[in-house]
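Counting from 65, one number per residue, gives the positions in the sequence shown under this note's numbering.
Some notes on the structure that comes next.
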Amino acid sequence: MEAPSDLRELLELLESRGLLKRVRTPLSPILEIPEVLRRVMRSGGPAVLFENVEGYPGWRVVGNVFGSMERIKLALGVERLEDIGWRLAGLLWRPPPTGVLEKLSSLRDVAGLARFTPKPSRRASFEDNVLEGDEADLNSIPAFKSWPRDGGRYFTFAQVYFRESRSGTIGIGTYRVMLKGAREAVIHWQLHKRGRHAYLDAMEKGEAMRVAVVVGGDPAAMLAGAMPVPPPVDKLFFAGVMAGRGIRVYKLPSGILVPSTAEIVVEGFIEPGRESEEGPFGDHWGYYDKPVHRFPVMTVERIWMRDNPIYVGTVVGKPPLEDAYIGKAAERIFLPLIKTLIPEIVDVNMPVYGVFHGIAIVSIRKTYPGQAKKVMMALWGLGQLSLTKILVVVDHDIDVNDLNQVMWAVAAHVDPQRDVVVIPGAHTDHLDPAVVVPGYGSKLGIDATRKLPEEYGWREWPLEVEPDPDTVRRIDLVWDEMGLGGS
Ligand SMILES: Cc1cc2nc3c(=O)[nH]c(=O)nc-3n(C[C@H](O)[C@H](O)[C@H](O)COP(=O)(O)O)c2cc1C
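Spelled out as structure tokens, the structure:
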């Protein structure tokens with residue numbers, strides 16, 4: 065299965081499989097379309113294409129494109145999302161080649177990585193309309209107001225493209241963008257994100273930072289914006305790894321590469337230190353952010369768009385909404401890389417209702433005392449996993465996706481005075497509503513593994529109840545005849 069290279073191609077594919085519905089009812093992007101999307105997302109419904117956008121003739125709006133694992137897999141052309149992580153991690157997991165043939169084959173694999181690099185294109189779909197000066201008006205785009213107390217209209221699922229001056233790589237971040245008038249917007253990259261680091265670098269040099277806000281385009285690049293790819297890995301390259309082929313890109317006058325199939329590209333720059341208030345905004349924790357913060361202001365130079373453009377939006381709020389599936393996809397895609405760095409990890413579950421950075425459950429194959437806490441410390445130092453507030457570590461035989469099994473492990477294996485760690489004064493998700501100072505709070509780790517003698521006063525851990533195997537076999541033989549159901 066090939067990954068589609070254009071949002072429109074993906075929408076056709078979804079429609080052909082009954083995974084997209086069209087809506088002709090006139091609806092406004094102010095609260096109305098978001099409310100429809102919120103309901104559809106919460107009930108696990110299809111992608112929705114709104115063909116009659118009130119106040120925006122000629123426009124269409126699509127949402128919930130990635131609101132199921134099935135749709136994300138179709139967008140990326142894979143059956144198993146872990147396979148994407150293995151495309152990179154798999155190279156490290158094999159024994160070094162010894163024979164000549166083995167060496168040649170491993171060289172081929174490394175050279176094969178080149179097929180994921182961006183492919184330059186002289187033409188772009190969005191060259192249809194290029195608006196500059198007074199013609200370039202952000203208000204002409206049907207950006208959403210999602211919640212009644214949001215401070216304005218937002219691009220809720222746009223990708224912010226920029227060049228990272230230290231490495232020369234392209235960064236792509238799905239950061240919300242608040243419209244502030246016709247030619248200004250505020251970009252909400254949080255404390256720990258690559259966009260903010262690139263901005264700090266530009267500030268240090270006293271240079272304006274070039275940015276392009278992209279809507280639609282290659283579905284893999286759309287998803288790459290939300291992936292916690294460790295710097296300095298180029299995010300366009302990573303998008304290519306996800307798609308299984310290079311992303312077709314177009315070079316903007318600013319030198320930034322963007323997918324050539326984008327629906328809308330807003331090109332502009334951020335002057336060093338120019339910031340403005342952002343918010344309030346109803347975010348993925350289910351709260352309006354407070355207090356309102358200052359974030360960098362983008363000045364718009366040019367807006368490019370396709371004929372009959374399709375605007376892509378999403379709604380974030382109390383889970384589960386579309387971002388829950390995108391977060392789950394990130395969990396699956398990065399698991400092979402996490403296992404490469406922390407080999408005792410067997411599986412990870414960041415439950416949807418745990419808001420991803422709220423709670424993570426990790427199972428490990430434990431072989432030495434103190435290993436669960438070692439894993440906690442490793443995860444709290446690892447990329448965006450470091451933002452996880454509460455970590456629960458269980459043994460490998462506990463299914464991390466079965467929250468009842470996890471509850472049993474926590475209840476039966478934890479002596480809080482020994483197995484619970486609280487780390488005060490630690491960094492947290494920028495938006496965590498529970499902490500007083502945004503981005504600064506504490507961590508909780510729960511070691512729910514069975515304890516080794518060293519951890520258990522040199523005593524043996526109690527024997528777990530298991531039925532007698534001979535009796536199990538005998539009862540299996542007569543089970544059905546008793547008509548008790550179950551097994
Ligand atoms: C729908 C959606 C909205 C998001 N909004 C923001 C945001 O406003 N600010 C932010 O820093 N991260 C936001 N994120 C999370 C980032 O996209 C994610 O952390 C990603 O890894 C950022 O890219 P980076 O790691 O290259 O900085 C959002 C994710 C999704 C799926």
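Glycine included, C-beta positions come from ideal geometry on N, C-alpha and C.
Secondary structure of residue i, DSSP reduced to three states
{"i": "S340", "result": "strand"}
{"i": "Q223", "result": "strand"}
{"i": "A272", "result": "coil"}
{"i": "W543", "result": "helix"}
{"i": "S80", "result": "helix"}
{"i": "I462", "result": "coil"}
{"i": "G418", "result": "helix"}
{"i": "R102", "result": "helix"}
{"i": "N193", "result": "strand"}
{"i": "A188", "result": "coil"}
{"i": "S210", "result": "coil"}
{"i": "A424", "result": "strand"}
{"i": "T325", "result": "coil"}
{"i": "A175", "result": "helix"}
{"i": "L202", "result": "helix"}
Selected residue, minimal CA-CA separation from residue i, among the options
{"i": "T404", "options": "L446, N372, G418, E143", "result": "L446"}
{"i": "T492", "options": "D479, A475, K507, S231", "result": "K507"}
{"i": "V529", "options": "A476, R103, Y504", "result": "A476"}
{"i": "I390", "options": "N193, G131, F190", "result": "G131"}
{"i": "Q481", "options": "Y520, N465, V129, D70", "result": "Y520"}
{"i": "S340", "options": "M471, I334, V330, F359", "result": "F359"}
{"i": "Q448", "options": "V458, A436, P433, I402", "result": "I402"}
{"i": "A67", "options": "L321, N465, G304, A388", "result": "G304"}
{"i": "I236", "options": "K85, P292, D265, S169", "result": "P292"}
{"i": "G245", "options": "I205, D265, S210", "result": "I205"}
{"i": "N116", "options": "T89, L95, S107", "result": "T89"}
{"i": "P497", "options": "M286, H261, R151, D347", "result": "D347"}
{"i": "G350", "options": "M441, V474, L495", "result": "L495"}
{"i": "L385", "options": "N465, G127, L156, G505", "result": "G127"}
{"i": "R230", "options": "A262, L243, R240", "result": "A262"}
{"i": "L155", "options": "S169, V142, E143", "result": "S169"}
{"i": "K209", "options": "E73, D483, V241, E134", "result": "V241"}
{"i": "W211", "options": "I94, F301, V416, P517", "result": "I94"}
{"i": "H256", "options": "P502, S551, M133", "result": "P502"}
{"i": "E196", "options": "G215, M369, G505, A473", "result": "M369"}
Contact check, residue i vs residue j, beta carbons under 8 Å
{"i": "A326", "j": "G280", "result": "yes"}
{"i": "Y225", "j": "A307", "result": "no"}
{"i": "R274", "j": "R309", "result": "no"}
{"i": "P184", "j": "I311", "result": "no"}
{"i": "E118", "j": "S80", "result": "no"}
{"i": "T513", "j": "A436", "result": "yes"}
{"i": "V129", "j": "A111", "result": "yes"}
{"i": "V412", "j": "V485", "result": "no"}
{"i": "I328", "j": "P373", "result": "yes"}
{"i": "V278", "j": "P344", "result": "no"}
{"i": "A473", "j": "I487", "result": "no"}
Cβ-Cβ separation, residue j to residue i (assumed contact under 8 Å), whole Å
{"i": "V478", "j": "D532", "result": "In fact, because the Cβ distance is near 29 Å, the residues do not count as touching under 8 Å."}
{"i": "P336", "j": "E271", "result": "7 Å"}
{"i": "V410", "j": "H460", "result": "4 Å"}
{"i": "T363", "j": "G289", "result": "Not confirmed; about 21 Å, so no contact."}
{"i": "V361", "j": "V250", "result": "6 Å"}
{"i": "E408", "j": "V458", "result": "Actually they are not in contact, since the Cβ atoms of E408 and V458 sit about 12 Å apart, beyond 8 Å."}
{"i": "N193", "j": "D371", "result": "7 Å"}
{"i": "E524", "j": "P433", "result": "The pair is not a contact, with the Cβ atoms about 14 Å apart (cut-off 8 Å)."}
{"i": "P400", "j": "A153", "result": "4 Å"}
Cβ of residue i within 8 Å of any chain B Cβ
{"i": "A303", "result": "Looking for chain B here will not work: only one protein chain is present."}
Is the segment 360 to 380 touching the segment 219 to 231 in the sense that three or more CB pairs, one from each, lie closer than 8 Å? yes
For the pair the segment 355 to 364 and the segment 175 to 192, tell me if three or more CB-CB distances fall below 8 Å. no
Looking at C-beta atoms only, is the number of pairs between the segment 448 to 467 and the segment 416 to 425 that lie closer than 8 Å three or more? yes
Do the segment 164 to 172 and the segment 143 to 151 make contact, defined as three or more Cβ pairs closer than 8 Å? no
Does the pairing of the segment 191 to 204 with the segment 281 to 301 give three or more beta-carbon distances under 8 Å? no
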